[in-house]
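J.:
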Amino acid sequence: MSETAKVLLDGQECELPVITGTENEKAIDISKLRDKTGYVTLDTGYKNTGATTSAITFLDGEQGILRYRGYPIEQLAEKSNFLEVSYLLLYGELPSASQLTDFTKRITRHTLVHEDVKKFFDGWPSSAHPMGQLCSLICSLSSFYPESLNPNRSQEEVDLSIIRILAKMPTLVSWIYKKSIGHPLIYPNNNLDYVSNFLFMTYGMRTEDFHVDPVIVEAMDKLLILHADHEQNCSTSTVRLVGSSQANPYASVAAGVAALWGPLHGGANQKVIEMLDQIQNDGGNTAKWIEKAKDKNDPFRLMGFGHRVYKNFDPRAKIIKEACDNVLNKLGIHDPILDIAKQLEEVALQDPYFVEKKLYPNVDFYSGIIYRAIGFPTEMFTVLFALGRLPGWLAQWKEMREAGQPIGRPRQIYTGEVKRDYTNIATR
Ligand code: SDX
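Residues in the sequence shown are numbered from 833 upward in steps of one, following this note's numbering.
#1: Near Gly896, what residues of its chain come up, given a Cβ to Cβ distance below 6 Å and the 5 sequence neighbours on each side ignored?
#2: Does the Cβ of Phe1132 have 16 or more other Cβ atoms within 10 Å, making it buried, or fewer, making it exposed?
#3: Quick check on Thr885: does DSSP put it in helix, strand or coil?
#4: Given Glu1106, which residues of its chain have a CB within under 7 Å of its CB, disregarding the five upstream and five downstream residues?
#5: Could you name the residues that DSSP lists as bridge partners for Lys838?
#6: For Asp1157, which of Ser834, Lys1174 and Gln1182 has the nearest alpha-carbon?
#7: How long is the line joining the alpha carbons of Asp1053 and Pro849, rounded to whole angstroms?
#8: When you measure from the CB of Asp1196 to every non-hydrogen atom of the ligand SDX, does any distance come out below 7 Å?
#9: Return yes when the Cβ of Glu1063 is within less than 8 Å of the Cβ of Thr889, no when it is not.
#10: Given a cut-off of 8 Å on the beta-carbon distance, is the pair Leu921 and Arg901 in contact?
#11: So, helix, strand or coil for Asp892, using DSSP?
#12: Based on the DSSP secondary-structure assignment, which residues constitute the bridge partners of Ala859?
#13: Applying the criterion that 16 or more other CB atoms from any shown protein chain within 10 Å of the CB defines a buried residue, is Leu874 buried or exposed?
#14: Report yes if the CB atom of Glu1178 is closer than 8 Å to the CB atom of Pro1193, and no otherwise.
#15: Three or more C-beta pairs under 8 Å: does that hold for the segment 835-843 against the segment 856-871?
#16: Would you decide whether Pro1002 is buried or exposed? Buried here means 16 or more other CB atoms lie within 10 Å of its CB.
#17: Provide the residue(s) that pair with Tyr903 in DSSP beta bridges, ordered along the chain.
#18: Thinking C-alpha only, which one of Val1187, Thr1034 and Ser912 is nearest Phe1208?
#19: Does the beta-carbon distance from Asn1080 to Ser974 come in below 8 Å?
#20: Between the C-alpha atoms of Asn1022 and Arg1038, what's the straight-line distance to the nearest angstrom?
#21: Using 8 Å for Cβ pairs, my map puts Ile1169 next to Leu1108. What's the rounded Cβ distance?
#22: Take Ile1165 and list the residues in its own chain whose beta-carbon comes closer than 6 Å to its own, dropping the five residues that flank it on each side.
#23: Output needed for Thr943: all residues of its chain with C-beta closer than 8 Å, excluding positions within five of it in sequence on either side, in chain order.
#24: According to DSSP, is Pro1193 helix, strand or coil?
#25: For Ile970, which option in Val1071, Thr852, Gln844 and Ala887 has the closest C-alpha, if you only look at C-alpha atoms?
#26: Within its chain, find whatever has a CB closer than 7 Å to the CB of Ser1077; leave out the 5 residues flanking it on each side and keep chain order.
#27: Quick check: the Cα distance between Lys1162 and Tyr1246, rounded to an integer number of angstroms?
Below, the structure is given as C-alpha cells:
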C-alpha cells in the first residue's frame, strides 16, 4: 500500500501520493493538487520544495553528508581525480581503466578552441569580470557547433557537446586569466593531464621549461572534485530550468555560470577573501566583525558562513581547511588571512547567534586561501568554482533531458491590482 498525505481544503479531503527516496527522504507529490483542489503551493526560494528526483548527488544537511552517486565526498577527494569524478557524475559508475582512458582521450582531443574565439577578448575592457567573460564565451561557443543547437539530436551528438564543453572550459578559463595580465594566450599541451594542462595554459609560457608543482596539481584537483556537484543548488537548478526549454547545453551551462556569479552563491569565494583582507587591514579584530555580522542593522555578513541545506559542518569546508594548512606549508607560504579565518571560525562557532542559526563555514570559506596561494587573483575564484561545478551541471542537464522532463514553469499567487478600466491621460 503506497503512502499518501491527506489535505483538508474547503471541507474537501484531498489525498496526495507520498514518494520516498533511496535515502528515505520523503515528499508529498503535489503535481495533481491544483487539478484536484484549485490550490497551488507557495514556497519563495524553494526552501522546502523539491524540483525533481535525481540519482546524482545526495546530501544530508543535518548530518553533514555529501555523496556523488553514493560515494562519500571524503573518499573521492582522497582517492579519486577530477576526470574520474566527472565520469562518475555523468555516467553513474566509476569508470574501468579502459573507460577512463577513452574518456580522457576524448576530452584531450577537444581542448583547442576555434581561433575566432580570440576575437571575443578584443571586445572586453581590461576591467571585465572573468565571470561575465566566461558566461559569454561558453554561450558563444555554440556558434561554432551549429549541430549542437538542437539537443534532441542523437545521443552521440549530445555526448560530444558535453565532452567539448568539459574539454574547452579550462582553455577558456586560462585565456581569460592570460588576457587579464596581458600575456600571450597559451595553446593546450595534450601531453599533460587535465589539471596540469590547465595550469600550463594559465601559468606556463613554453612547454620545454614549464614545471608544474605536484602539490599545486593535487590541491587544484581536490578543489575541483569538491566543487563538482551539489544537487539542486541555485546554479544547477538554473541549468536544469534553462535546459528544460530544450535550450542547448552551451546556453544552459552559460546560465549556470550567470547564477553562480552571485555573492550569495559561488561569488562568495571572492567575497570571503575581500572580507578577510578588510578585517586584516582593519587590525584583525575578529570579535568586532563577528558583532557586525550579528547586527541586523549592519549590512555586513560573514561571507563563507551559513548554508541553505547544511545545518552542520559543510563536509567540503572541513576537507578544504585541512588542505589549506597542507598546501601553504608545502609551498612555504604563511598567509595571515588564514589565521584570521580560523579565528573567525573559532569565535563564531562559540557564539550563540551562529550556534542557534546553525551557521557553519561553507565550501567558500577556505577555498579562496588556496586559490590565492596557487597564484590566482581574487576575481578568478568564482570562475574556478565554475570549472569544478561543470561536470555536475552537465550531469544534471543530461539527467533532466534523458528523463524527458517537461519545461519548468512555476505558478504564482497574484497580489497586484484587481481588474480596473483604462482612463484617459487627461483625467489622471
Ligand atoms: C554556495 O545551495 C548550495 O548547495 C550552494 C553551494 C553549492 O555547492 O552549490 O553550497 C555553494 O553557494 C555556498 C554559500 C555561499 N554563500 C555565502 O557564503 C554567503 C553568506 N551566507 C548567507 O548569505 C546565507 O547563509 C546563504 C545565502 C548561504 C543561505 O541563506 P538562506 O538559507 O536563505 O538563509 P537566510 O539568509 O534566511 O539566513 C537565516 C538566518 C538569517 O537571520 P534571521 O533573519 O533569521 O534573523 O541566518 C542569518 C540571516 O541573517 N545568516 C547570517 C549569515 N547567513 C545567514 N548572518 C550572518 N552571516 C551570515 N553569513
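We put the beta carbon where it would ideally sit given N, CA and C, even for glycine.
T.: On the basis of the coordinates in this document:
#1: Numbered from 1 along the sequence shown, position 64 holds the residue referred to as residue 896. Taken in chain order, the residues that qualify are Asn1144, Phe1145 and Pro1147.
#2: Position 300 of the sequence shown holds residue 1132. With fewer than 16 other Cβ atoms within 10 Å, it is exposed.
#3: As a position in the sequence shown, residue 885 is number 53, starting the count at 1. Looking at Thr885 - three-state DSSP - the assignment turns out to be coil, as it is neither helix nor strand.
#4: Here residue 1106 refers to the residue found at position 274 when the sequence shown is read from its first residue. Thr1210.
#5: The sequence position of residue 838 within the sequence shown is 6, counting from 1. Bridge partners of Lys838: Glu847.
#6: As a working mapping, residue 1157 is identified with position 325 in the sequence shown. Checked all of Ser834, Lys1174 and Gln1182; the closest Cα to Asp1157 is Lys1174.
#7: For the purposes of this step, residue 1053 is identified with residue 221 of the sequence shown, where counting begins at 1. For the purposes of this step, residue 849 is identified with residue 17 of the sequence shown, where counting begins at 1. C-alpha separation (whole angstroms): 43 Å.
#8: Along the sequence shown, read from residue 1 onward, the residue named residue 1196 stands at position 364. Result yes, Cβ under 7 Å from the ligand SDX.
#9: Along the sequence shown, read from residue 1 onward, the residue named residue 889 stands at position 57. Along the sequence shown, read from residue 1 onward, the residue named residue 1063 stands at position 231. For Thr889 and Glu1063, yes; Cβs fall inside 8 Å.
#10: Locating residue 921 in the sequence shown gives position 89, counting from the first residue. Locating residue 901 in the sequence shown gives position 69, counting from the first residue. Cβ atoms of Leu921 and Arg901: closer than 8 Å.
#11: The residue given as residue 892 occupies position 60 in the sequence shown. In the three-state scheme derived from DSSP, where H, G and I count as helix and E and B as strand, Asp892 is classed as strand.
#12: As a working note, residue 859 is residue 27 in the sequence shown. The partner list for Ala859 (beta bridge, DSSP) reads Ile851.
#13: Residue numbering aside, residue 874 sits at position 42 when the sequence shown is read from its first letter. Exposed: under 16 other Cβ atoms inside 10 Å.
#14: Mapped onto the sequence shown, residue 1178 falls at position 346. Mapped onto the sequence shown, residue 1193 falls at position 361. Contact: no.
#15: yes
#16: As a working note, residue 1002 is residue 170 in the sequence shown. It counts as buried.
#17: Within the sequence shown, the letter at position 71 stands for residue 903. DSSP output for Tyr903 lists Tyr900 as bridge partner(s).
#18: Indexing the sequence shown from 1 puts residue 1208 at position 376. When the alpha-carbon of Phe1208 is set against those of Val1187, Thr1034 and Ser912, the nearest one is in Thr1034.
#19: Residue mapping note: residue 1080 aligns to position 248 of the sequence shown, counting from 1. Residue mapping note: residue 974 aligns to position 142 of the sequence shown, counting from 1. A contact, by the Cβ cut-off of 8 Å.
#20: One-based indexing of the sequence shown puts residue 1022 at position 190. One-based indexing of the sequence shown puts residue 1038 at position 206. Asn1022 and Arg1038: Cα-Cα distance of roughly 13 Å.
#21: Within the sequence shown, the letter at position 337 stands for residue 1169. Within the sequence shown, the letter at position 276 stands for residue 1108. About 4 Å; that satisfies the 8 Å criterion.
#22: The sequence position of residue 1165 within the sequence shown is 333, counting from 1. Closer than 6 Å at the Cβ level, and outside the excluded window around Ile1165, lie Ala1205.
#23: The residue labelled residue 943 in the question sits at position 111 within the sequence shown. Answer for Thr943: Ala999, Lys1000, Pro1002, Thr1003, Pro1020, Asn1022 and Asn1029, listed in chain order.
#24: For the purposes of this step, residue 1193 is identified with residue 361 of the sequence shown, where counting begins at 1. Pro1193 falls in the strand class under three-state DSSP.
#25: Here residue 970 corresponds to residue number 138 of the sequence shown, with the count starting at 1. Of the residues Val1071, Thr852, Gln844 and Ala887, the one whose Cα lies closest to the Cα of Ile970 is Val1071.
#26: Locating residue 1077 in the sequence shown gives position 245, counting from the first residue. Closer than 7 Å at the Cβ level, and outside the excluded window around Ser1077, lie Ile1239.
#27: On the sequence shown, position 330 is the one that residue 1162 refers to. On the sequence shown, position 414 is the one that residue 1246 refers to. Cα to Cα, Lys1162 sits roughly 58 Å from Tyr1246.
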